[in-house]
Amino acid sequence: MLAYLFRRLFAAAVMLVVIIMVVFGIFFLVPKWAGVDIASSFVGKQADPAAVEAVRQKLGLSDPIYSQVWEFFKGIFAGRTYAGGGDVTHCAAPCFGYSFRSEQAIWPVLTDRFPVTLALALGAAVLWLVLGMAAGVLSALKRGSFWDRGAMVVALAGVSLPVYFTGMASLAVFAFGLDWLDARYVPLTDSFTGWFGGLILPWITLAFLYAAMYARITRATMLEILGEDYIRTARAKGLREQTVIGKHAMRSTMTPILTMLGMDLGALIGGAILTETTFNLPGLGQAVLNAIKNQDLPVILGVTLITSLAVLIANLVVDVLYAVIDPRVRLA
Amino acid sequence: MTAPLHEPTAEAAPSAAEEAAVAGAESKSVQGRSLGRIAWERLKRDKLALTGAVVVLLLVAVALLAPVITSLLGQDPNEYHEDLIDPLFGTPVGSLGGISGDHLLGVEPVNGRDILARILYGARISLLVGFLSAVVAVIFGTVFGVLAGFFGGWVDSLISRVMDGLLAFPQLLFIIALVSVMPNDMLGLHGTGVRVFVMILVIGFFGWPYIGRVVRGQTLSMREREYVEAARSLGAGRFYILFKELLPNLVAPIIVYTTMMIPTNILTEAALSFLGVGVKPPTASWGQMLSSAIEYYESDPMYMVVPGVAIFITVLAFNLFGDGVRDALDPKGSR
Amino acid sequence: MTTQRTSGRRKRAAAAAAVVAALLTTAACGGGDSDDGGSKNGAAGFDAANNKVAQASLAKKGGTLKFGGAQDADSWDTTRGYYGFMWNFSRYYSRQLVTNKTEAGAAGAGVTPDLATSTAEVSEDGKTYTYKLRDGITWEDGKPITSQDVKYGIERVWAQDVLSGGPTYLKEVLDPKDEYPGPYKDKSKDKLGLKAIETPDEKTIVFKLPKANSDFEEMLALTSASPVRQDKDTKSKYGLHPFSSGPYKFESYTPGKDLTLVRNTEWKQASDPVRKAYPDKITVEFFSDANQLDQRLLNGDIDLDINQTGMSPQGRTTALKQHKANLDNPVSGYIRYAVFPQSVKPFDKLECRKAVILGADHVSLQTARGGPVAGGDIGTNMLPPSVPGAEGQQYDPYKLAGDNKKGNVEEAKAALKACGQPNGFKTTIAVRNNKPVEVATAQSLQASLKKVGITAEIDQYDGSQTAGIIGSPENVKKKNYGIIIMGWGPDFPSVQGYGLPLWSSDYILESGNNNYALIKDKEIDGLFDEYVDTLDDAGKAKIATEINHKVMEGAYYLPFVFEKFVNWRSSRLANVYTTDGYSGMYDFVNLGLKSAK
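Chains L, F and S supply the protein sequences, listed in that same order.
Just so we're aligned, residue 9 is where the first sequence starts under this note's numbering, counting upward by one.
Just so we're aligned, residue 6 is where the second sequence starts under this note's numbering, counting upward by one.
Just so we're aligned, residue 1301 is where the third sequence starts under this note's numbering, counting upward by one.
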């Protein structure tokens, strides 16, 4: 088990390096193919060639990619020093560099924004797991009934509407129309009720999107498992139906659900962009979207690294949980 | 957690019975029905699934016949009708987004293009991207998922790590960067054609780990099950087991996933069109319509409702059909 | 397949126009019981603050003025900011020798003394400008602002390698040969090595121009001429917390999230003839979604939009229908247009360019921009109405707002024939992907050009890379961008502050180019040279008019609209007015609240 964990962690580290290199590649090579000079987008309306060249030097855009990647990783572990045009700054480890646009240090931005995204992702995940699995189990047990079909239609409405639509609509109704909520992000350290009130709509909106998939997977798996013999055996042994479903059937249903959860938490942290944008939540998604809009590489790199790390860890946790829940799975 | 309640002997028995049933069918026993035939019989009885299938077929037909239908209606998806637009607000004149005898579903804000014509043409792009990218994802996902789950060892490790990487990868960034540098002419395609081709490949490529992981998980847990062990102990070859035992059991999750991926893909296409890297204007797609309707969700809600309903119907139809197929293929679905 | 119902169409268009007119004229019935329009506690009325001061007498000292925005400034560093709203807002925390007048409308574009006791004492030849500093002017730590601080602040413009992004007019005028390396590479001990500026004592500053420039004082009124104190200069990080010389100072700032200014207790009202400093506190909240910002404006959480670029369609419609008295409809000073690079065939030929101008449906383009109210009047030439010498719609060489406003297919086809493309041609329209309104105009242009036989494909490029994509003439040619959709507003209201980078052959650059049409016209270049030597206002205006005519005769541009915005002001605001000094925005620095709460 320990050896397994160690191997996985090593693989994750390799993966992160690869991902960062690909992001670098996209940022530097793609504009090169397209014949675009990134530096010129940092000099304002009056760009004289000398200024463009100076900016290119300062941002390190003219260094070869490998040395930039090396400097980036070195900065994280050992810190690095920026010097250009008589402006010298030392950036202590963990150094993720400075934003090309706002010049602020990236690391505080990441630590400041990560909790927001984490709270959004975890809260929504709990909500959709509970709702989705409950709906799925009910549908499976009352297969073909009005409830089964009704639950599915509601679930499908969720999956077929984009987050920016449901988010906007819920804001318009609950926050601006009925005025029930302030719908404004408040840090947990300031006020719990404010924090909860600000996140409840984003949670529901996101959960609405994912609950549908979980309901469908739960239903499909449940139906399959209910046909399995050990369930019949359990029933035959005279176990109460609640125990059969709640304990035995649910346990096996967890395998595919966990698979999905591991993937979605990652995709969610990375893809919280739309939700955070719609609800103006100061999370990582919002930061990276702005960074993409602004060609702000250090921010893109920092957020990519953090979110990728989160996803890889989530996947690792899921794989370990697999073994815990379904002993037939060997960890090798 | 407590130990699992699960008794090998009891489980092995029906599996054997099932084997026998299949074997019996093959040896033209009394019933003489193949698995596919049984499934078809079951599907025929499932009214909802059939409705779903009919709607899917209708949608495909409508998409194919879009030019014919629009010319019969006397409309063109790209023609401006600015006389139907209120110049102060930019929204259509008249109620319900400018619905009239000429424009059955109203007109777009600002430029007054006929929404029905655009929905019909948009169906082509949306269905094509949604469906084909799902196909790409299913092919990749099934092949690699089964390989990983079945062979285990370094094959599994390698494939799993690649999947982890792809899932952890900031896809949106990659797609935006990639699409924005694609040449305008490629492989005999031009403009929107190139965009559609790239979208199918990219959405499909980033979608396969989702299927892959589920397939791998299922294969992994099935591989250890008794009927596979039994087949193996009977001396069946590895590939025989793969095809004979695993694939039929994987059909259900794959179908469920595919029917769920299609709407997701349609929405991804929407997001890409919204970001300006999807189809090129004036080409219509549902995603592009839905995205541009966001700006008018209160002042001209019909503009949003129409593509929204179109996507919803499509999603529902695919899912109903998918459920039906799943139930029909379920060997234990005796009820 | 196309259904032409011209008569019906005209009737409906006329009816719609009547509705607009009615809405605009009935606008002012918001209240009318107070001295300057509007009720005491309510909104001042539609257009009540457009080019005039609304509810000046209701402004009280104190309270928190709340800004919201969909976009943060490019930088709050006075040297680096280039966004118009940043220049406007920076007056809260920075002062200059001279600044724009705090008056409504056209008068606001004039220059008035700020740190200086009077406007410049200019030598006969127009090459020496002398200012004396006022008494009692202080930094936020109470130390006096000296002429050396002003010089150092201006010198920072030279450090483009560290402080990129801002306007560089001062650098080009004071040091055209680019000899001074900037303060960070300055070898002299006090880092004040720039020869063109002299500081004989702490209260006197003298500018020595190598060559006269009649707009020099306008350039000194830009934010980039603000003083910066050497010991407080954090270089590239200065924008995160600028050191205040104005009535407010930075309390906290998180880029893209929020900004809070509080009173600078060291600032003295007596030392500042310009700023009234009504509120106690100023907050800015940034939103990632413009619709949410508009909702916050509508429900009163926020007083005004710091970006001042007009409400988005959704909020605008609601506001126009339900809260008209809270809106103003100013002319922004921007012109939205399409420009034709001469390097892309067949736009090298005058008649081909004319074909596009004549064939376009200008009403349709105007509707795509948002219609007559939210978009603006149909643009007929290339000089914004706020620039001296502009003639507005009266100068309309191609009858764009007249007979040809729906497009003139025959004349366009005739022009095509004249340029040797009788069957039309194919080209590409380049448009930024992050501006939905621009994409809409591109589609409108595409649709109307199709009728004349010109097939245009739309290419949406990454808006953040504008300077690298359409700013590179080589790339424009390679991508066959025959039509580029853009907009431009004056940095300061003069033909030089608007048109020099667009039309002068000196400004054709390999990257970051703004002379997209690649205009190399000796007459235009000559007129600009003449302009900088002309010191009287009437003469300057006349040259501006001439330059505009030359540009239009060359048919390099297809103007869409003289842009107008629909801007929101909350009912809490008092002493509100728009100013041409900041392109039709509200003058932020003197906004007040009706109640200190």
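Here a beta-carbon is modelled for each residue, glycine too, at the ideal position from N, C-alpha and C.
Residues sharing a beta bridge with S/Trp1788, DSSP: Position 488 of the third sequence, counting from 1, holds the residue named residue 1788 of chain S. Answer is S/Ile1635.
Expressed to the nearest angstrom, what Euclidean distance is found between the alpha-carbon atoms of S/Gly1854 and S/Leu1650? As a position in the third sequence, residue 1854 of chain S is number 554, starting the count at 1. As a position in the third sequence, residue 1650 of chain S is number 350, starting the count at 1. C-alpha separation (whole angstroms): 7 Å.
What do you get for S/Arg1310, buried or exposed, if any count of 16 or more other CB atoms within 10 angstroms of its CB means buried? Reading the third sequence from its first residue, position 10 is the one you call residue 1310 of chain S. Unreliable positioning characterises S/Arg1310 in this predicted model, as indicated by a pLDDT of 42, which lies under 50. The coordinate reading is nonetheless provided below. Burial call: exposed.
Consider the Cβ of L/Leu329: report whether some Cβ of chain F lies at a distance smaller than 8 Å. Translated into the one-based positions of the first sequence, residue 329 of chain L becomes position 321. Taking Cβ atoms only, chain F never reaches closer than 8 Å to L/Leu329, which makes this a no.
Need the endpoints of the alpha helix (DSSP H) that S/Asp1829 sits in, please. Start at 1 with the first residue of the third sequence, and residue 1829 of chain S comes out as number 529. Lys1822 to Asp1833 is the extent of the alpha helix (DSSP H) around S/Asp1829.
Applying a beta-carbon distance threshold of less than 8 Å, which residues of chain L neighbour S/Thr1504? Here residue 1504 of chain S refers to the residue found at position 204 of the third sequence. Neighbours of S/Thr1504 on chain L: none; closest Cβ ~28 Å, over 8 Å.
Taking the alpha carbon of L/Leu186 as the point to measure from, which residue in L/Tyr193, L/Val194 and L/Ala177 has its own alpha carbon closest? Numbered from its first residue, the first sequence carries residue 186 of chain L at position 178. By alpha-carbon distance to L/Leu186, the top candidate from L/Tyr193, L/Val194 and L/Ala177 is L/Ala177.
So if DSSP puts S/Gln1760 in a beta bridge, which residue, or which two residues, is it bridged to? On the third sequence, position 460 is the one that residue 1760 of chain S refers to. For S/Gln1760, the beta-bridge partners assigned by DSSP are S/Val1731.
With a threshold of 6 Å on Cβ separation, who are the neighbours of S/Gly1659 within its own chain once the five nearest residues in sequence on each side are excluded? Working through the third sequence from its first residue, we reach residue 1659 of chain S at position 359. Gly1707, Ala1712, Leu1749 and Val1752, listed in sequence order.
Starting from the C-beta of S/Lys1503, find all residues in its chain whose C-beta is less than 7 Å away, skip the five residues before and the five after it, and write them out in chain order. On the third sequence, position 203 is the one that residue 1503 of chain S refers to. Within the same chain, S/Lys1503 has close Cβ partners Lys1432, Leu1433 and Ser1447.
First and last residue of the uninterrupted beta strand (DSSP E) at S/Leu1561: Here residue 1561 of chain S corresponds to residue number 261 of the third sequence, with the count starting at 1. Taken as a continuous stretch (DSSP letters only), the beta strand (DSSP E) holding S/Leu1561 covers Asp1558 to Arg1563.
Using a 10 Å radius around the Cβ and a threshold of 16 neighbouring Cβ atoms, would you call F/Tyr245 buried or exposed? Counted from its first residue, the second sequence places residue 245 of chain F at position 240. With fewer than 16 Cβ atoms within 10 Å of its Cβ, F/Tyr245 is classed as exposed.
Select from S/Gly1771, S/Pro1630 and S/Lys1778 the residue whose C-alpha is nearest the C-alpha of S/Met1786. Position 486 of the third sequence, counted from the start, is the residue given in the question as residue 1786 of chain S. For S/Met1786, the nearest C-alpha among the options comes from S/Gly1771.
Say whether chain F places a C-beta atom closer than 8 Å to the C-beta of L/Ser48. Taking the first sequence and counting its residues from 1, the one referred to as residue 48 of chain L is at position 40. It does not: the Cβ of L/Ser48 has no partner Cβ on chain F nearer than 8 Å.
Answer with buried or exposed for F/Ile144, where buried requires no fewer than 16 other C-beta atoms within 10 angstroms of its C-beta. As a first step, residue 144 of chain F must be located in the second sequence, where it is residue number 139. That one is exposed.
Which residue comes first and which comes last in the alpha helix (DSSP H) that contains S/Val1955? A question about residue 1955 of chain S goes unanswered here, because the residues of chain S that appear run from 1301 up to 1897.
Determine whether the Cβ of L/Met230 lies closer than 8 Å to any Cβ atom of chain F. Taking the first sequence and counting its residues from 1, one reaches residue 230 of chain L at position 222. For L/Met230, the closest Cβ of chain F is not nearer than 8 Å.
Pair within 8 Å by beta-carbon distance, S/Leu1893 and S/Pro1579: Here residue 1893 of chain S corresponds to residue number 593 of the third sequence, with the count starting at 1. Here residue 1579 of chain S corresponds to residue number 279 of the third sequence, with the count starting at 1. The answer is yes: Cβ separation under 8 Å.
Could you check what DSSP says for L/His256 in three-state terms: helix, strand or coil? On the first sequence, residue 256 of chain L is found 248 positions in, with the first residue counted as 1. It is helical.
Buried versus exposed call for F/Phe136 [16 or more other C-beta atoms within 10 Å across all chains shown]: The residue you call residue 136 of chain F lines up with position 131 of the second sequence. Buried, because 16 or more other Cβ atoms sit within 10 Å of the Cβ of F/Phe136.
Would you kindly report the start and end of the unbroken alpha helix (DSSP H) that includes S/Phe1516? Indexing the third sequence from 1 puts residue 1516 of chain S at position 216. From DSSP, the alpha helix (DSSP H) with S/Phe1516 extends over Phe1516 to Leu1520.
Less than 6 Å between C-beta atoms, sequence neighbours within five positions excluded: which residues of the same chain meet that for F/Asn116? Taking the second sequence and counting its residues from 1, the one referred to as residue 116 of chain F is at position 111. So the list reads Tyr85, once near-sequence residues are dropped.
Taking the Cβ atom as the reference point for each residue, do S/Ile1497 and S/Ile1437 lie within a distance shorter than 8 Å? Taking the first residue of the third sequence as position 1, residue 1497 of chain S is located at position 197. Taking the first residue of the third sequence as position 1, residue 1437 of chain S is located at position 137. Their beta carbons are not under 8 Å apart, which means S/Ile1497 does not touch S/Ile1437 by this criterion.
Determine the DSSP secondary structure at S/Lys1432, reduced to helix, strand or coil. Taking the first residue of the third sequence as position 1, residue 1432 of chain S is located at position 132. The three-state secondary structure of S/Lys1432, taken from DSSP, is strand.
Less than 8 Å between the beta carbons of S/Ser1811 and L/Ser48, yes or no? Start at 1 with the first residue of the third sequence, and residue 1811 of chain S comes out as number 511. Start at 1 with the first residue of the first sequence, and residue 48 of chain L comes out as number 40. Their beta carbons are under 8 Å apart, which means S/Ser1811 touches L/Ser48 by this criterion.
On the DSSP bridge list, what partners appear for S/Glu1566? Counted from its first residue, the third sequence places residue 1566 of chain S at position 266. None; S/Glu1566 has no bridge partner.
Supposed contact pair S/Pro1684 and S/Pro1790 - C-beta distance, whole angstroms, cut 8 Å: In the third sequence, residue 1790 of chain S corresponds to position 490, counting from 1. In the third sequence, residue 1684 of chain S corresponds to position 384, counting from 1. Sure, about 6 Å apart at Cβ, within 8 Å.
State yes or no: is the C-beta of F/Glu274 nearer than 7 Å to some heavy atom of the ligand MN? Absence of the ligand MN is noted for the structure shown, with no ligands found whatsoever.
Residues near F/Ala287 by beta carbon distance below 6 Å, same chain, minus five either side: The residue you call residue 287 of chain F lines up with position 282 of the second sequence. Before going on, a small fix: residue 287 of chain F reads as Pro here, not Ala. Correct list, in chain order: Asn83.
Going by DSSP, what residues sit across from S/Glu1498 in a beta bridge? Here the question's residue 1498 of chain S lines up with position 198 in the third sequence. Paired residues: S/Val1506.
So L/Phe173 contacts chain F; which residues on that side make the cut at Cβ distance below 8 Å? Taking the first residue of the first sequence as 1, we reach residue 173 of chain L at position 165. Here the neighbours are Leu295, Ile299, Tyr302, Met309 and Gly313.
Going by beta-carbon coordinates alone, are F/Gly111 and F/Pro97 separated by less than 8 Å? Taking the first residue of the second sequence as 1, we reach residue 111 of chain F at position 106. Taking the first residue of the second sequence as 1, we reach residue 97 of chain F at position 92. Yes, these two residues count as a Cβ contact at 8 Å.
Close beta carbons around F/Ile299, own chain, < 6 Å, minus the five adjacent residues each side: What you label residue 299 of chain F is simply residue 294 of the second sequence in a count that begins at 1. None.
So the candidates are S/Arg1563, S/Thr1378, S/Pro1542 and S/Glu1424; which of them puts its Cα closest to the Cα of S/Lys1508? Mapped onto the third sequence, residue 1508 of chain S falls at position 208. Nearest of S/Arg1563, S/Thr1378, S/Pro1542 and S/Glu1424 to S/Lys1508, Cα basis: S/Glu1424.
Please name the residue or residues paired with S/Leu1604 in a DSSP beta bridge. The residue labelled residue 1604 of chain S in the question sits at position 304 within the third sequence. Bridge partners of S/Leu1604: S/Phe1367.
Rounded straight-line distance, which links the Cα of S/Arg1395 to that of S/Ser1545: Looking up residue 1545 of chain S in the third sequence gives position 245. Looking up residue 1395 of chain S in the third sequence gives position 95. Spanning the two alpha carbons is a distance of roughly 6 Å.
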